[in-house]
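**Student:** The structure is given below, and queries will be raised subsequently.
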Amino acid sequence: MIIVIGKSGQLAKALVAVNTTHQLLCLGRDDIELTSPDNIQATLLSYHPSAIINASAYTAVDKAESEPEQAYALNELSVANLAEYCVANGVHLVHVSTDYVFDGQKGSPYTVDDIYGPHSVYGKSKMAGEQAILGLDKLSACIIRTSWVYSEYGQNFVKTMLRLMQEKPQLGVIDDQIGSPTSAKALARACLYAASNSVQGVHHFTDAGVASWYDFAVAIQQAAVEKGLLTKSIPISPIPTSAYPTPAKRPAYSVLDKSTLQSQFNGLQPVHWQQELATVIDELK
Ligand SMILES: NC(=O)c1ccc[n+]([C@@H]2O[C@H](COP(=O)([O-])OP(=O)(O)OC[C@H]3O[C@@H](n4cnc5c(N)ncnc54)[C@H](OP(=O)(O)O)[C@@H]3O)[C@@H](O)[C@H]2O)c1
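Basically our numbering = 1-based index in the sequence shown + 117.
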């Protein structure tokens with residue numbers, strides 16, 4: 118059995134949707150208290166999981182700037198507790214992390230060995246979670262860093278854009294932050310592979326290709342109009358980050374190098390983000 122920590126988030130729902138072969142059990146915040154090692158032990162012991170996929174996180178990037186304790190409680194302490202449980206019980210851990218652990222200044226894809234440089238509380242707390250895992254001897258674990266996750270579930274950039282495109286006469290979208298959109302279902306398949314094959318170490322998984330948020334918004338509108346999800350187009354203008362101030366600073370460039378997928382994920386080939394987007398727009402219809 119594979120235990121998924123998190124129940125109502127995008128990745129947890131995508132894991133359930135794409136899974137065809139494994140026995141999965143999703144545990145939400147009402148089922149397990151992640152800040153309590155005793156509660157984790159007591160809750161998980163009866164299930165004897167072979168692997169745990171941690172799909173839970175404090176993901177409110179801007180709110181984390183004013184709630185650092187809550188962000189660190191979930192993104193560092195809870196991860197450390199899950200990792201300790203896994204060491205003690207011989208369970209493989211798959212943990213998901215983020216491009217926001219990097220500083221965004223590199224200008225070419227970040228490799229799994231590039232140094233940390235998070236700007237935001239969210240990025241720093243996710244880095245601390247990674248370090249809690251990497252600091253444990255004898256832990257069987259895989260950290261999958263990803264970026265710009267979206268799906269038909271929950272709140273994400275695609276759903277926000279579709280709502281704004283219905284409500285507003287025009288939109289300005291940031292064009293000087295560059296990254297890779299990632300379908301939660303594609304990420305879920307990589308997580309299931311890592312869980313069932315005990316993949317070790319740090320890896321990057323995103324959809325193929327690169328975009329700015331502006332490129333992504335334009336593609337969302339085009340696909341949604343083509344597929345009848347939107348009845349009309351509105352003008353979309355590129356704007357600089359400086360025109361849209363947010364509490365948390367985001368990396369300007371956070372494309373992730375995915376070359377370890379070839380050797381460690383059986384040659385898994387990410388699909389281009391525009392193709393994954395078309396699938397999600399179909400699912401939203
Ligand atoms: N979304 C992105 O763009 C993005 C980008 C890069 C990396 N990631 C990483 O990808 C992973 C999955 O992200 P996601 O987009 O699926 O996140 P999400 O939709 O925000 O879901 C987060 C999950 O964490 C759960 N959670 C929050 N506080 C909890 C607590 N105290 N105890 C137990 N569960 C709790 C939430 O449960 P409730 O629904 O009950 O609150 C929810 O199921 C995370 O590790 C995230 O850092 C995401």
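Ideal placement from N, C-alpha and C gives every residue a C-beta, glycine not left out.
Please list, in chain order, all residues of the same chain as His411 whose beta carbon is under 8 angstroms from its beta carbon, the five residues on each side excluded.
**Tutor:** No answer is possible for residue 411: it lies beyond the span of the chain, which begins at 118 and ends at 402.
**Student:** Ordered along the chain, which non-local residues of its own chain (more than five positions away) have a Cβ less than 7 angstroms from that of Asn136?
**Tutor:** Cβ neighbours of Asn136 beyond the five flanking positions: Leu309.
**Student:** With 16 as the cutoff for other CB atoms within 10 Å, does Tyr217 come out buried or exposed?
**Tutor:** Burial call: buried.
**Student:** Looking at the unbroken beta strand (DSSP E) that takes in Asn171, where does it start and where does it end?
**Tutor:** Note, Asn171: beta strand (DSSP E), Ala168 to Asn171.
**Student:** Let me check you understand the geometry: is the CB of Gln248 closer than 6 angstroms to at least one non-hydrogen atom of ligand 3?
**Tutor:** No copy of ligand 3 occurs in the structure displayed; its ligands are ligand 1 alone.
**Student:** Under a three-way DSSP split, which group does Gly318 fall into?
**Tutor:** It is a strand residue.
**Student:** What is the DSSP secondary structure of Arg306, counted as helix, strand or coil?
**Tutor:** Helix, per DSSP.
**Student:** Determine the burial state of Thr176: buried for a count of at least 16 other Cβ atoms within 10 Å of its Cβ, exposed for fewer.
**Tutor:** Buried: at least 16 other Cβ atoms inside 10 Å.
**Student:** Anyone know if the C-beta pair for Val266 and Ile337 falls short of 7 angstroms?
**Tutor:** Going by C-beta atoms, Val266 is not nearer than 7 angstroms to Ile337.
**Student:** Say whether chain B places a C-beta atom closer than 7 angstroms to the C-beta of Asn171.
**Tutor:** Among the chains in the structure shown there is no chain B, since it carries only a single protein chain.
**Student:** Starting from Ala258, trace the beta strand (DSSP E) in both directions and tell me its first and last residue.
**Tutor:** From DSSP, the beta strand (DSSP E) with Ala258 extends over Ala258 to Thr263.
**Student:** Measure the beta-carbon distance from Ala181 to Ala301 and round it to whole angstroms, keeping in mind my assumption that it falls under 8 angstroms.
**Tutor:** Actually they are not in contact, since the Cβ atoms of Ala181 and Ala301 sit about 20 angstroms apart, beyond 8 angstroms.
**Student:** Please report how far the alpha carbon of Leu256 lies from the alpha carbon of Ala200, in whole angstroms.
**Tutor:** In a straight line, the C-alpha of Leu256 is about 7 angstroms away from that of Ala200.
**Student:** Taking 6 angstroms as the cut-off, is the CB of Arg146 close to at least one heavy atom of ligand 1?
**Tutor:** It does: the Cβ of Arg146 is within 6 angstroms (strictly closer) of some heavy atom of ligand 1.
**Student:** Whole angstroms is fine: what's the gap from Ile419's alpha carbon to Leu194's?
**Tutor:** Only positions 118 to 402 of the chain appear in this structure, which leaves residue 419 out of reach.
**Student:** Leaving out the 5 sequence neighbours to the left and right, which residues in its chain are closer than 7 angstroms to Ala190 when beta-carbon positions are compared?
**Tutor:** Excluding sequence neighbours, Ala190 sits near Thr152.
**Student:** Rounded to the nearest angstrom, what separates Phe219 and Arg367 at their Cα positions?
**Tutor:** If I take the Cα positions, the gap works out to 9 angstroms.
**Student:** Whole angstroms is fine: what's the gap from Phe322's alpha carbon to Gln381's?
**Tutor:** One C-alpha to the other measures close to 12 angstroms.
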